[in-house]
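**Q**
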Amino acid sequence: MVGKNKEEVQRLINPCEINVEIRNIKETKKGNIVLQEIERLKKSAESKLKGRLTFERDGVLYGITCVYRPPPISKKDFTHDLHTYLKHISSGNIEIFLGDININILDNKDTLGLAVETNRNNNCQKSINSIKNKTMDKQWNYFFSEKRDKMNKRLLAHFSLSLENQYKDYRNKLNKLIRKQKNNYYRMQMEKNKNNMKKLYDVIKDATYEKSYKGQSYISINDNDGNQFTDSIEMVNFFVMNILLMWVLTWSGQFPLLNLSVN
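So in my numbering, spot 123 of the sequence shown is number 121, and the numbers just go up one at a time.
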């Protein structure tokens, strides 16, 4: 709490008639004072339900009540006092309660028309499952794969049958788990995209490890005349025809030197 002087700080507190003692007042560079500590004189006293202020604005009567429940006071007694207090307040007024009651008496189904909502869950922006972009930069089983690799390194450094059995057992279980999870994942993706042929094809292509190798050179075959074959069908036909020719000439006793070269 901040005020220009000690009297102003006391005046800010007095309307609620809360019996407090102001201590540790410290002057700041700007001449203001800061109330660093408030000591309540009656920690085990009755609940404070007093100091109600009323004012009218735009034809509406407002009431402000300062409320404080010391921790030693039981919740049952406090709610009883609060209920009794509320019965004496006109229902036609708009009541504003300020203070610290050290108890949550308002639940999610409150209908009191609070000026400030108390239930954060009903007012916070919900962002569950709102991330659309891929953010995982490591494989989902990174921890387990890393453990498997460490076990393999330890086995190579200090070989023993015990370490070998531990490594093989862990590796086999991990591989089995990976295969199972991959199958479940691709099954779910196919079911999810069964009505979208393009996405379904992408899922099948990813599941079958069909990758594109753009920029990489493919294998080619040259014949004796220097002709180069790069088309897969032409290479297969050329290879099969030469094998058949070699087989025929071999059985006929004439084996030629075809000098095939593979690039």
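We put the CB at the ideal spot given by N, CA and C, even for glycine.
Does the ligand PLP have a heavy atom nearer than 6 Å to the CB of HIS86?
**A** This structure does not include the ligand PLP; it has no bound ligands of any sort.
**Q** Which term fits PHE157, buried or exposed, when burial requires 16 or more other beta carbons within 10 angstroms of its beta carbon?
**A** Taking the first residue of the sequence shown as position 1, residue 157 is located at position 159. When all chains shown are included, PHE157 counts as exposed.
**Q** I need the boundaries of the beta strand (DSSP E) containing THR206, first residue and last residue.
**A** Counting from one through the sequence shown, the residue named residue 206 turns up at place 208. Unbroken run through THR206: none, as it is neither H nor E.
**Q** Please classify TYR199 as buried or exposed, where buried requires at least 16 neighbouring CB atoms within 10 angstroms.
**A** Taking the first residue of the sequence shown as 1, we reach residue 199 at position 201. Exposed.
**Q** GLN187 and VAL201 look like a contact to me (Cβ under 8 Å); what is the Cβ gap, rounded to whole Å?
**A** Mapped onto the sequence shown, residue 187 falls at position 189. Mapped onto the sequence shown, residue 201 falls at position 203. Yes, GLN187 and VAL201 are in contact; Cβ-Cβ is about 5 Å, under 8 Å.
**Q** What are the partner residues of ILE92, as DSSP defines its beta bridges?
**A** Start at 1 with the first residue of the sequence shown, and residue 92 comes out as number 94. Bridge partners of ILE92: TYR60.
**Q** Assuming ASN91 contacts GLY61 (C-beta within less than 8 Å), just tell me the rounded distance between them.
**A** Within the sequence shown, the letter at position 93 stands for residue 91. Within the sequence shown, the letter at position 63 stands for residue 61. About 5 Å separates the two Cβ atoms, so the contact holds.
**Q** Under three-state DSSP, which class holds THR228?
**A** Numbered from its first residue, the sequence shown carries residue 228 at position 230. Three-state result, THR228: coil.
**Q** Can you name the start and end residues of the alpha helix (DSSP H) that ARG185 belongs to?
**A** Stepping through the sequence shown from its first residue, residue 185 is reached at position 187. Note, ARG185: alpha helix (DSSP H), 159 to 190.
**Q** Would the beta-carbon of ARG146 fall within 7 Å of that of ILE99?
**A** Stepping through the sequence shown from its first residue, residue 146 is reached at position 148. Stepping through the sequence shown from its first residue, residue 99 is reached at position 101. No.
**Q** For LEU51, list the residues DSSP reports as bridge partners.
**A** Residue mapping note: residue 51 aligns to position 53 of the sequence shown, counting from 1. Its beta-bridge partners are ILE62.
**Q** Please work out which residues of its chain come closer than 8 Å, Cβ to Cβ, to ILE94, disregarding the five sequence neighbours upstream and downstream, and give them in chain order.
**A** Numbered from 1 along the sequence shown, position 96 holds the residue referred to as residue 94. The answer, listed in chain order, is TYR60, GLY61, ILE62, THR63 and ALA113.
**Q** Alpha carbon to alpha carbon, how far is VAL65 from GLY97? Give it in angstroms, no decimals.
**A** Position 99 of the sequence shown holds residue 97. Position 67 of the sequence shown holds residue 65. Rounded to the nearest angstrom, the two C-alpha atoms are 5 Å apart.
**Q** Quick one: Cα of LEU154 to Cα of GLU144, how far?
**A** In the sequence shown, the residue the question calls residue 154 occupies position 156. In the sequence shown, the residue the question calls residue 144 occupies position 146. About 15 Å.
**Q** Straight-line CA distance for TYR83 to LEU51?
**A** The residue given as residue 83 occupies position 85 in the sequence shown. The residue given as residue 51 occupies position 53 in the sequence shown. About 14 Å.
**Q** Tell me, please, which residues DSSP counts as bridged to ASP223.
**A** Counting from 1 along the sequence shown, the entry for residue 223 is found at position 225. By DSSP's assignment, ASP223 forms no beta bridge with any residue.
**Q** Going straight from the alpha carbon of ASN194 to that of ARG152, what length do you get?
**A** The residue labelled residue 194 in the question sits at position 196 within the sequence shown. The residue labelled residue 152 in the question sits at position 154 within the sequence shown. Their backbone Cα atoms lie some 48 Å apart in a straight line.
**Q** Would you grab the beta carbon distance between TYR165 and ASN150 for me? Rounded to a whole angstrom, and I think it's under 8 Å.
**A** Position 167 of the sequence shown holds residue 165. Position 152 of the sequence shown holds residue 150. Indeed they touch by this definition, with Cβ atoms about 6 Å apart.
**Q** Excluding five sequence neighbours on each side, which residues of the same chain lie with their C-beta closer than 8 Å to the C-beta of LYS27?
**A** In the sequence shown, the residue the question calls residue 27 occupies position 29. Summary for LYS27: the model assigns pLDDT 43, below 50, so the residue's position carries little reliability; its value from the coordinates is reported in the next sentence. Excluding positions up to five away in sequence, the list is empty.
**Q** Between the Cα of TYR184 and those of THR206, ASN173, LYS171 and ASP167, spot the shortest distance and give me the residue it belongs to.
**A** One-based indexing of the sequence shown puts residue 184 at position 186. Comparing Cα positions, the closest option is THR206.
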